[in-house]
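The next block holds one structure in the form of structure tokens; read it before the comments.
Residue numbers (the UniProt record's numbering), protein chains in the order written: chain R, 1 to 326; chain X, 1 to 552.
Structure below.
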């Protein structure tokens, strides 16, 4: 089963998003206990410079970020379906199209705003943040052409959604907004660009309201992922600029799961609550989920692999975890 | 620095917008063209709940849509622009609640189809009962285009939020001056301008939207004109079934089709060489009627003889022509009482037992509805892509703007309807993911689902046209007698029925494949049939084919 994803390199390319985060740890070892560094700014200046250089290309749907554009519907589908499955208010009869309506959603490392725009169109009160000011400029400029997203347009209000961009890091945002500010926090293709993923996850998780959702997507640290995302996409086919990915920064699904087995949000009393993933073996469906994403070159589209398809999680994958209600 | 540039650019854009804000409106979907494909798309979008909740829709048409809304025609008479609506197209129109707005009494089901080779007479017959779906009892439904368009407009009248701008031309389409995310702006002849999130080209073969999008279209004009006319004939006798059989004969000059509209009226689609088309149009309508009868009945050589007479003497009288026709029938030893005689007195069709082979040829045309004879050039064209990009971004093509097809399988309008259905589905899906419906990525599934499907049909019809234009002995022999009699005629069958399935959950084209599979099964059985056909061919064709057969 390991062989099948090798078909993917044919047209491979995806994109990253400029991230935020600290320091010095270049190994994605999430189980080590780091700590005081958590509160520090976590932005990697090299990564910011890299994506600032590419920022004008964000909305070229057939250029540098083509793969990311095509990945977007799959990310949205995952978010929609997961929220739908865990819709608390069973009487509300919410349809899939409405599941994000009115929700406060944060998109960390929004890049050109690919995901943020989609979230806003689905009715979410969206805040997109990025550590690169040129990304934020492009994202704002792009959205300003769209009367549906432009807050100054009279057409706004037909739907409940809104879209705001802010040039900041997740740590600064946490300091500014305080913990538990968002129903949903998304950070797509960002984790593999940060130096201290543990600190980054910590900040993101703190921003999630009780029983809120955290959605992540990143790349697993496997030889397969190296072959596809770095060797094929950057070196051989040169579909993605060199230096976009750093193998050592890739994060495995098990490492994310491990992080949330120990991560506890403070309960209202101030005492540490229960861990986000408490089930002893496999996370319960209501706690967390990992889903592989596979690019099908002959269709030119990404597909969301079924649950428990381990081979598909060897490269690009989505991860969802929910903060317990306490 | 980039940040500053972006900010300055934004300021500029804002100022420019203010200047034109007075006459410029914004719409999410702007459809250019109020033909069947454009109206069907508008209807389908109007009907969709998610589209209704999220998108504003406008349609621009140069003609007067009120004329289409008010279209009326005397009972028993028909417009000459008629299309065969396949079962899947009909199912789509039913799904969007538009079918019920089409005047049913003016439509006619096709329950059986007879197709044969103009030279060898190798014939294939297929009936609705052959369809794998037992629920369908017709192959297709003949509908006047105006009836369909009027029905779609009636359907649209329930959705006032869909704006119809008619009697206005598209003066120009320009890409707005914006650094990032520029939208197309459609300038209308009345001074208004519409900024479009998605600009749909449903504007026909010479599509201005396609030109704006910078999409190349490749193809060629066939050296062929299609003649259309509404034909009157006597009702079928009580010994025969109702007039629900469609007939098509593949002549070397092009196929001629006779499609039922009512008990006493049918429509003609005759593809033929341009000079012949002109001569036929110029001739006395009674001569044309006789030529149509002859074209379904006489051997090709006699038909060619008659065509040459018409070309030689454009002022030929009806009497002269009838004499020529009688001469050819005599020399072809056609009994005046057989169904193959164009001269059989009309009363034979009304009373008495009809000839045994009465159903192998269409009823005798007695007259042609005045003013319905028209012709149009045939061409093959296919856009190289359906979605614009770069400075032509936010554009998509449907219907004839994307492709034009030889009418031999009557699929032109059906492809346009299928495009409208696929595009609606694509837009709905994009909305469900929060996609920008004008973006290239959002439109990819539409292009993916339609391009190959359309190309398959376009190519199949093109190849059939070429194959049946051939008169060379070996080709005719091969297509008529050998394996090809099944394969090629079945290819027509598949082409005609490919989209005929009503089970739309199944794969498109499924019906066609099933038919192909079936034809392989029955191949052995039909080898005998082929030998019998050989006899007919011997009679009809010259020495070349006969020698080939004898050698066999």
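For each residue, glycine too, the CB sits at the ideal point set by N, CA and C.
Note that the coordinates shown come from a computational prediction; the quantities given were computed from them, not determined experimentally.
Check whether the segment 396-408 of chain X touches the segment 197-217 of chain X, taking contact to mean three or more Cβ pairs, one atom from each stretch, closer than 8 Å.
-> yes
Host beta strand (DSSP E) of residue 265 of chain R (start-end) | As a working mapping, residue 265 of chain R is identified with position 265 in the first chain. That run of the beta strand (DSSP E) goes 264-266.
Does the Cβ-Cβ distance between residue 244 of chain X and residue 108 of chain X come in under 8 Å?
-> By one-based count along the second chain, residue 244 of chain X stands at place 244. By one-based count along the second chain, residue 108 of chain X stands at place 108. Yes, Cβ-Cβ distance for residue 244 of chain X and residue 108 of chain X is below 8 Å.
Among X/114, X/88, X/147, X/374, nearest to residue 101 of chain X - alpha-carbon criterion = Stepping through the second chain from its first residue, residue 101 of chain X is reached at position 101. Selected option, being the one with the closest Cα: X/147.
Would you tell me roughly how many angstroms separate the C-alpha atoms of residue 210 of chain X and residue 256 of chain R, rounded to the nearest one?
-> If you number the second chain from 1, residue 210 of chain X lands on position 210. If you number the first chain from 1, residue 256 of chain R lands on position 256. Their backbone Cα atoms lie some 49 Å apart in a straight line.
Outcome for residue 238 of chain R when other beta-carbon atoms lying within 10 angstroms are tallied against a minimum of 16 | Counting from 1 along the first chain, the entry for residue 238 of chain R is found at position 238. Counting Cβ neighbours within 10 Å, residue 238 of chain R comes out exposed, since fewer than 16 surround it.
Can you tell me which of R/271, R/75, R/323 puts its alpha carbon nearest to the alpha carbon of residue 285 of chain R?
-> As a working mapping, residue 285 of chain R is identified with position 285 in the first chain. It is R/323.
With burial defined as no fewer than 16 other Cβ atoms inside 10 Å of the residue's Cβ, what is the status of residue 218 of chain X: buried or exposed?
-> Position 218 of the second chain, counted from the start, is the residue given in the question as residue 218 of chain X. Residue 218 of chain X should be labelled exposed.
For residue 166 of chain X, the first and last residue of its enclosing beta strand (DSSP E) = Residue mapping note: residue 166 of chain X aligns to position 166 of the second chain, counting from 1. Note, residue 166 of chain X: beta strand (DSSP E), 163-166.
Kindly indicate if chain X contains any beta-carbon less than 8 Å away from that of residue 141 of chain R.
-> On the first chain, position 141 is the one that residue 141 of chain R refers to. Judged by the 8 Å Cβ criterion, residue 141 of chain R is in contact with chain X.
Per DSSP, what kind of secondary structure is residue 554 of chain X in: helix, strand or coil?
-> With chain X running from 1 to 552 in the structure shown, residue 554 of chain X is simply not present.
Would you mind sorting residue 354 of chain X into buried or exposed? The rule is 16 or more other CB atoms within 10 Å of its CB.
-> Counting from 1 along the second chain, the entry for residue 354 of chain X is found at position 354. Looking at its Cβ environment, which holds 16 or more other Cβ atoms inside 10 Å, residue 354 of chain X is buried.
Compare the beta carbon distance of residue 295 of chain X and residue 288 of chain X with 8 Å and say whether it is the shorter of the two.
-> Indexing the second chain from 1 puts residue 295 of chain X at position 295. Indexing the second chain from 1 puts residue 288 of chain X at position 288. Not a contact, by the Cβ cut-off of 8 Å.
Cα-Cα separation between residue 126 of chain X and residue 64 of chain R, rounded to whole angstroms | By one-based count along the second chain, residue 126 of chain X stands at place 126. By one-based count along the first chain, residue 64 of chain R stands at place 64. Each residue's alpha carbon lies about 53 Å from the other.
Give a yes or no on whether the minimum CB-CB distance between residue 159 of chain X and chain R is below 8 Å.
-> By 1-based counting over the second chain, the position of residue 159 of chain X is 159. No, its Cβ sits nowhere closer than 8 Å to a Cβ of chain R.
Contact with chain R by residue 440 of chain X, beta-carbon distance below 8 Å = The sequence position of residue 440 of chain X within the second chain is 440, counting from 1. Cβ-Cβ to chain R under 8 Å: yes for residue 440 of chain X.
Does residue 299 of chain R have its Cβ less than 8 Å from a Cβ in chain X?
-> As a first step, residue 299 of chain R must be located in the first chain, where it is residue number 299. Interface residue, yes.
How long is the line joining the alpha carbons of residue 326 of chain R and residue 270 of chain R, rounded to whole angstroms?
-> Along the first chain, read from residue 1 onward, the residue named residue 326 of chain R stands at position 326. Along the first chain, read from residue 1 onward, the residue named residue 270 of chain R stands at position 270. Cα-Cα distance, rounded: 11 Å.
Chain R contact residues for residue 432 of chain X, given Cβ-Cβ distances below 9 Å | Position 432 of the second chain, counted from the first residue, corresponds to residue 432 of chain X. In chain order: 73, 76, 77, 80, 96, 97, 122.
Give a yes or no on whether the minimum CB-CB distance between residue 392 of chain X and chain R is below 8 Å.
-> Position 392 of the second chain, counted from the first residue, corresponds to residue 392 of chain X. No, because no Cβ of chain R sits closer than 8 Å to the Cβ of residue 392 of chain X.
Between residue 48 of chain X and residue 424 of chain X, which are expected to be in contact by the criterion C-beta below 8 Å, what is the C-beta distance as a whole number of angstroms?
-> As a position in the second chain, residue 48 of chain X is number 48, starting the count at 1. As a position in the second chain, residue 424 of chain X is number 424, starting the count at 1. Contact flag correct, Cβ pair sits at about 6 Å.
Which word fits residue 161 of chain R, buried or exposed, when buried means at least 16 other C-beta atoms lie within 10 angstroms of its C-beta?
-> One-based indexing of the first chain puts residue 161 of chain R at position 161. Per the 10 Å Cβ criterion, buried.
Hey, quick one: how far does the beta strand (DSSP E) through residue 59 of chain X stretch, first residue to last?
-> Residue mapping note: residue 59 of chain X aligns to position 59 of the second chain, counting from 1. Segment 57-61, the beta strand (DSSP E) holding residue 59 of chain X.
Is residue 187 of chain X helix, strand or coil when you go by DSSP?
-> Taking the first residue of the second chain as position 1, residue 187 of chain X is located at position 187. Residue 187 of chain X: strand per DSSP, three-state reduction.
Answer yes or no: does any C-beta atom of chain X fall closer than 8 Å to that of residue 146 of chain R?
-> Counting from 1 along the first chain, the entry for residue 146 of chain R is found at position 146. Chain X, which has a Cβ nearer than 8 Å to the Cβ of residue 146 of chain R, makes this yes.
Exposed or buried, what is residue 15 of chain R when buried is set at 16 or more other beta-carbons lying within 10 Å of its beta-carbon?
-> Taking the first chain and counting its residues from 1, the one referred to as residue 15 of chain R is at position 15. Low local confidence applies: a pLDDT of 36 at residue 15 of chain R is under 50, so the model's placement there is unreliable, with the coordinate-based value given in what follows. It is buried - the Cβ of residue 15 of chain R has at least 16 other Cβ atoms within 10 Å.
Proximity test, Cβ basis, 8 Å: residue 444 of chain X and chain R | By one-based count along the second chain, residue 444 of chain X stands at place 444. Output row for residue 444 of chain X: interface = yes.
Anticipated Cβ contact below 8 Å, residue 212 of chain R with residue 182 of chain R, distance rounded = Against the first chain, residue 212 of chain R aligns to sequence position 212. Against the first chain, residue 182 of chain R aligns to sequence position 182. Their Cβ separation, rounded to whole angstroms, is 6 Å, which keeps residue 212 of chain R and residue 182 of chain R in contact under 8 Å.
Whole-angstrom distance between residue 83 of chain R and residue 321 of chain R, CA atom to CA atom | Taking the first chain and counting its residues from 1, the one referred to as residue 321 of chain R is at position 321. Taking the first chain and counting its residues from 1, the one referred to as residue 83 of chain R is at position 83. Whole-angstrom Cα-Cα distance: 11 Å.
According to DSSP, is residue 233 of chain X helix, strand or coil?
-> Locating residue 233 of chain X in the second chain gives position 233, where the first residue counts as 1. Reduced to three states, the DSSP call for residue 233 of chain X is strand.
Quick one: Cα of residue 112 of chain X to Cα of residue 357 of chain X, how far?
-> Taking the second chain and counting its residues from 1, the one referred to as residue 112 of chain X is at position 112. Taking the second chain and counting its residues from 1, the one referred to as residue 357 of chain X is at position 357. In a straight line, the C-alpha of residue 112 of chain X is about 15 Å away from that of residue 357 of chain X.
First and last residue of the uninterrupted alpha helix (DSSP H) at residue 133 of chain R = Position 133 of the first chain, counted from the start, is the residue given in the question as residue 133 of chain R. Taken as a continuous stretch (DSSP letters only), the alpha helix (DSSP H) holding residue 133 of chain R covers 133-144.
Sequence-distant residues of the same chain with beta carbon closer than 7 Å to residue 253 of chain R, five excluded per side = Here residue 253 of chain R refers to the residue found at position 253 when the first chain is read from its first residue. Cβ within range, chain order: 220, 290, 313, 317, 319.
Buried or exposed: where does residue 172 of chain X fall if 16 or more other Cβ atoms within 10 Å of its Cβ makes it buried?
-> Residue numbering aside, residue 172 of chain X sits at position 172 when the second chain is read from its first letter. So residue 172 of chain X counts as exposed.
Buried or exposed: which applies to residue 32 of chain X, given that a residue is buried once 16 or more other Cβ atoms fall within 10 Å of its Cβ?
-> Numbered from 1 along the second chain, position 32 holds the residue referred to as residue 32 of chain X. It counts as buried.
Over what stretch of residues does the alpha helix (DSSP H) that includes residue 251 of chain R continue unbroken?
-> As a working note, residue 251 of chain R is residue 251 in the first chain. Taken as a continuous stretch (DSSP letters only), residue 251 of chain R belongs to no alpha helix (DSSP H), as it is neither H nor E.
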